[in-house]
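Working notes for the structure below.
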């Protein structure tokens, strides 16, 4: 009986030890899985921000190349990523965390290879998504369901008959109230009105230098929009105006008639007249034509060397 009792105690001890080991393994696996999921979510969130910033800079450079220079190092030589060689002589730019801030991405870190001419973006470090590893942000965006276009973010304003402004990270909607700039809600009815009798453009300011009543710049950078809505602008950030996609009877003439597009559904003929789409609303990404619902254009001539 004593022998059997001894075996039972030893078996119990071994069982307890095994249970403890399994518990630790399970906890570790759970923590690791959650950590991976959090990192994946963070990376996925940043993909759209980086792509938007690069596309915006490429478009603005086409409009005014002397002010909107390409951000990043253009003489890095070459870098090998995932077995592919990327050379500066082929139009690639090496963009690091500091450069990303110049693109308005204060909270994004990392190193990327960017080709502004075709919108290609390659991450130096791999990005995990659904168990797969990606280096090309363009491929990852397609896998995430974003396709090559930016239309997943866009809505058509049925009441105002224009494409709604698409805000990127760091943009704060503003409007004139009482002769002063104040922070607006994106759903404010008077934030914009593109009708002929109003022509009130949608305006935003970046958080780069923005100061509002009761909030210094650092506080503005960390504040949610709901915290600063209605606050008077004390110091302006870089200002942009939204130009919704449109077609026109002629380009660059004051008497030109325009018709705003519904997403990318353009009017090319109406009332016996031909309407032309400005080329600023299209660009090429890897040989594929990308149609934009609108573009942000700087309100003032300003340098990005900050």
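Residue numbers (the working numbering): 568 to 873.
Quick reminder that beta carbons are idealized off the backbone N, C-alpha and C, glycines included.
All of these numbers come straight from a predicted model, not from anything done at the bench.
Kindly indicate which three-state DSSP category residue 788 falls into: helix, strand or coil? helix
CA-to-CA distance, residue 647 to residue 671, given in whole angstroms: 27 Å
Consult DSSP for residue 689 and reduce its assignment to one of helix, strand or coil. strand
According to DSSP, is residue 637 part of a helix, a strand, or is it coil? coil
Rounded to whole angstroms, what is the Cα-Cα separation between residue 641 and residue 655? 6 Å
Nearest residue (CA-CA) to residue 842, options 860, 815, 634: 815
Does the stretch 649-667 touch the stretch 631-641, meaning 3 or more C-beta pairs lie closer than 8 Å? yes
Leaving out the 5 sequence neighbours to the left and right, which residues in its chain are closer than 8 Å to residue 803 when beta-carbon positions are compared? 748, 772, 776, 777
Less than 8 Å between the CB atoms is what I'm expecting for residue 704 and residue 696, so what's the real figure, rounded? Their Cβ separation, rounded to whole angstroms, is 11 Å, which puts residue 704 and residue 696 out of contact at 8 Å.
Which residues in the same chain have their Cβ closer than 6 Å to the Cβ of residue 770, if we skip the five residues on either side of it in sequence? 741, 808
Quick one, which of 798, 618, 860 has its alpha-carbon nearest residue 686's? 618
Report the residue from 774, 817, 752 whose alpha carbon sits nearest the alpha carbon of residue 796. 752
Go ahead and pull the three-state DSSP assignment for residue 709. helix
Out of 763, 631, 794, point me to the one whose CA is closest to residue 822's CA. 763
Taking buried to mean at least 16 other C-beta atoms within 10 Å of its own C-beta, is residue 624 buried or exposed? buried
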